[in-house]
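0 is the number of the first residue of the sequence shown in numbering that gives the first Met the number 0; add one for each residue after it. Ideal Cβ positions, reconstructed from N, Cα and C, are used throughout, including at glycine.
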Amino acid sequence: MALDAGLHYLTRGYIERTEPEYFVDDESSGVTWQPDVYPELLALARKHGRDVVIDLGCGRAGKLAGLAVQEPGLQVVGVDIGPNIAWCRENHQCGRWLEADLESAMTLPLAPATIERSVVLCSDVLEHLIDPRPAMRLICWLLETGAARAVLSTPARDKRAGAEHLGPPFNPSHVREWTCREFRAFAESFPVQVERFDLTRSDDADGGLTTQLVVLRVGRR
């Protein structure tokens, strides 16, 4: 089926949700979502000798704060908006917490020297945004400024609802959900190089490989 570039490379005819619910990051369920994404990020930080993690759309940042405990010397920067980032500022003793709208922010108030020591994460965020392109451009800016790698994760519609399900998503806080084919086309429409494109567990309850895990590096200029 044809992909629609004007629809963020979703299959033509896909119906996006126009008024998603704000996602409040409540970790009280006991389920760890995307349990393998943050370990992958930490492995990349170690591999490339980076000691800063920039988490775009960090939510309440439980896993991000956990990295700081696990890896002494690691600096964590969480970026979000609204109640989630306010909660982080009030409850986390570590880290730097930046409020930014990922649908409009073009840069972040971070020194180039800090970005050059970083790896970037955007974990299960893009599907929540009405327009995901500014967030992708922000990721490109971070990579171009010197971040070693960026890790993205997002649900794989073809592994969950099925590729034939043309929206809106069942999750009321999701605007859209891409299939693997669609999301790869979306990522490759930006000036980045896809270093890894894989599937990972969505949670630690059933272990289903239904989340896309993508590692990006700076594109050729």
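How would you call residue i, buried or exposed, if buried means at least 16 neighbouring beta carbons within 10 angstroms?
| i | result |
| --- | --- |
| S201 | buried |
| R220 | With a pLDDT of 46 at R220, under the threshold of 50, the modelled position of this residue cannot be trusted; read the value that follows with caution. Exposed, because fewer than 16 other Cβ atoms sit within 10 Å of the Cβ of R220. |
| T17 | exposed |
| R23 | Correcting the residue identity first, residue 23 is Val in this sequence and not Arg. It is exposed - the Cβ of V23 has fewer than 16 other Cβ atoms within 10 Å. |
| A4 | exposed |
| R88 | exposed |
Specify, as a first and last residue, the run of the beta strand (DSSP E) that residue i falls within.
| i | result |
| --- | --- |
| G61 | First-last for G61: 61-69, but that is the alpha helix (DSSP H), not the beta strand (DSSP E). |
Assign residue i to one of three DSSP states: helix, strand, or coil.
| i | result |
| --- | --- |
| V30 | coil |
| R220 | The pLDDT assigned to R220 is 46, lower than 50, so where the model puts this residue is not dependable; a value taken from the coordinates is nonetheless given after this. Of the three classes helix, strand and coil, the one that applies to R220 here is coil, per DSSP. |
| R200 | strand |
| L142 | helix |
| V193 | strand |
| P131 | coil |
| A162 | coil |
Residues bridged to residue i by DSSP?
| i | result |
| --- | --- |
| G77 | D54, W96 |
| A149 | V119, L215 |
| T210 | P154, T199 |
| T113 | Bridge partners of T113: none, in fact. |
| T10 | L2 |
Between which two residues does the alpha helix (DSSP H) holding residue i run?
| i | result |
| --- | --- |
| R175 | Element bounds for R175: n/a, residue is neither H nor E. |
| N244 | Missing from the structure shown is residue 244; the chain here goes from 0 to 220 and no further. |
| R45 | 36-46 |
Problem set entry | At least 3 beta-carbon pairs within less than 8 Å: the region 110-123 vs the region 143-155 | With a cut-off of 8 Å, the region 143-155 and the region 110-123 count as touching, because enough Cβ pairs lie within range.
For this session: Mind the definition here: the region 102-109 touches the region 131-146 only if three or more C-beta pairs lie below 8 Å; say whether that holds.
Result: Remark: three or more beta-carbon pairs, one from each stretch, lie closer than 8 Å, so the region 102-109 and the region 131-146 are flagged as touching.
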